[in-house]
Ligand code: FES
Ligand code: FES
């Protein structure tokens, strides 16, 4: 059995230290040691996207990312998205929902919720890089995220709505 790591990284704006071994998948660290509920176990094979988190602003599949790979880096999970949005826009107050979360609610793109974590993480990455994505650019970005409820058209509509809202053209 591997030794515990005492790894440190930034999680949703706070420094954390964890004791899991260095080869432990980040997903297990986030759920079992840090008790977060946003990232979810789906396939465990980097295929579905339900476990996604942002590492230094880039989406990674936490089910196949060892703890050793994120030591000293900045991790943002679903729980940290409102604060990330507030920081990116210079808002004085952290909103209850991000524009994307509000859009997902408005469009009823959330059914069982299995995919919703990864959808938000990937769309957040996309909108940070491209504030005005075309439908095709959204489709391409979301290609690796599986929605077993088949709400893809509503997810695309929600991302388009969020992009307009974040550009001040809601
Ligand atoms: S659980 Fe990580 S990609 Fe499916
Ligand atoms: S809402 Fe059920 S998997 Fe996407």
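In my numbering, the protein residues as written are -7 to 162.
By construction, the Cβ of each residue, glycine as well, lies at the ideal position given by its N, Cα and C atoms.
Because the structure is a prediction, the values reported are computed rather than measured.
Collapsed DSSP secondary structure at residue i in the structure displayed
i           : result
residue 80  : helix
residue 53  : strand
residue 31  : coil
residue -7  : Here residue -7 scores only 48 on pLDDT, less than 50, and its place in the model is too uncertain to base an answer on.
residue 124 : coil
residue 87  : coil
Range covered by the beta strand (DSSP E) that runs through residue i
i          : result
residue 65 : That residue, residue 65, is in no beta strand (DSSP E); it is neither H nor E in DSSP.
residue 0  : -1 to 3
residue 6  : 6 to 10
residue 46 : 44 to 47
Own chain partners of residue i with C-beta closer than 6 Å, once the 5 adjacent residues on each side are dropped
i           : result
residue 101 : 143, 146, 147, 150
residue 110 : 41, 42, 44, 137
residue 95  : 150, 153, 154
residue 38  : 53, 56
residue 76  : 68
Candidates the options, of which the one nearest residue i by Cα
i           : options        : result
residue 90  : 112, 99, 103   : 112
residue 138 : 24, 34, 79, 87 : 34
residue 120 : 78, 26, 65     : 78
residue 115 : 103, 99, 134   : 134
residue 123 : 103, 158, 92   : 158
residue 87  : 21, 74, 9      : 74
Other residues of its chain near residue i: CB distance less than 7 Å, five sequence neighbours each side excluded
i          : result
residue 23 : 31
residue 62 : 1, 18, 47
Classification of residue i by the beta-carbon crowding that lies within 10 angstroms, buried from 16 upward
i          : result
residue 55 : buried
residue 83 : exposed
residue 97 : exposed
residue 5  : exposed
residue 72 : buried
Run of the alpha helix (DSSP H) containing residue i, from where it starts to where it stops
i           : result
residue 131 : 127 to 133
residue 156 : 144 to 158
Contact set for residue i: own chain, Cβ-Cβ below 8 Å, skip 5 residues either direction
i           : result
residue 106 : 32, 34, 42, 139, 140, 141
Contact with chain D by residue i, beta-carbon distance below 9 Å
i          : result
residue 49 : The chain inventory of the structure shown lacks chain D, comprising one protein chain alone.
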